[in-house]
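Chemist: Handing you this structure, nothing more for now.
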Amino acid sequence: MCGENGGKCKKYVCFITLADRISTKRTTGFSPFELQFGQIPVLPIDIETKTFLAVEWHKISTTEELLEARAKQLEGKEEMRRKAAEKLKKSREDSMKYWDRRMAHQLRSPLNPGDLILVYNKAIETNWGLIFKKK
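So, in structure tokens, the structure goes:
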């Protein structure tokens, strides 16, 4: 898509960004767009084919009708965010369980007071030669 050396990347970056923002994420079950605006994004194709997503703006003539149409679009936004938070929490718990099972062979019993431990000092990592250098 971007060519052999990525030279055409600028041409596609806006499309890729939009595609990512309107794509449903596994962890939340919603797209970032849906969580931000409380509705499924309306694409030009939705307007052309007159899908259920397209509001018939030409029929709206008063402020009240405009507010009603917009309110209907935003309806359910908080419920959507609550569901997304629940799905994200479950996804994180499932991930934690997966890694706990996968790394069970590396887990050990908790340390007790008085147990000897090995401490690694990253600060001296680059200065190993200086430690033994005669002063």
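The opening residue of the sequence shown carries number 33 in our numbering; numbering runs sequentially from there. Backbone N, C-alpha and C fix where the C-beta goes; we use that ideal spot for every residue, glycine too.
Let me confirm a value: Ala51 is counted as buried when at least 16 other C-beta atoms fall within 10 Å, else exposed. Which label applies?
Modeler: exposed
Chemist: For Gln138, does the three-state DSSP call read helix, strand or coil?
Modeler: Assigned with DSSP and collapsed to three states, Gln138 falls in helix.
Chemist: So, Pro76 versus Phe65, is the Cβ gap smaller than 7 Å?
Modeler: no
Chemist: Do Arg17 and Leu67 have their C-beta atoms within less than 7 Å of each other?
Modeler: Any property of residue 17 remains undetermined from this structure, which presents the chain solely from 33 to 167.
Chemist: Is Ala116 near Phe69, with beta carbons less than 7 Å apart?
Modeler: no
Chemist: Anyone know if the C-beta pair for Gly119 and Thr56 falls short of 7 Å?
Modeler: The residue asked about is misnamed: residue 119 is Lys in this sequence, not Gly. Not in contact: Lys119 and Thr56 (Cβ atoms no closer than 7 Å).
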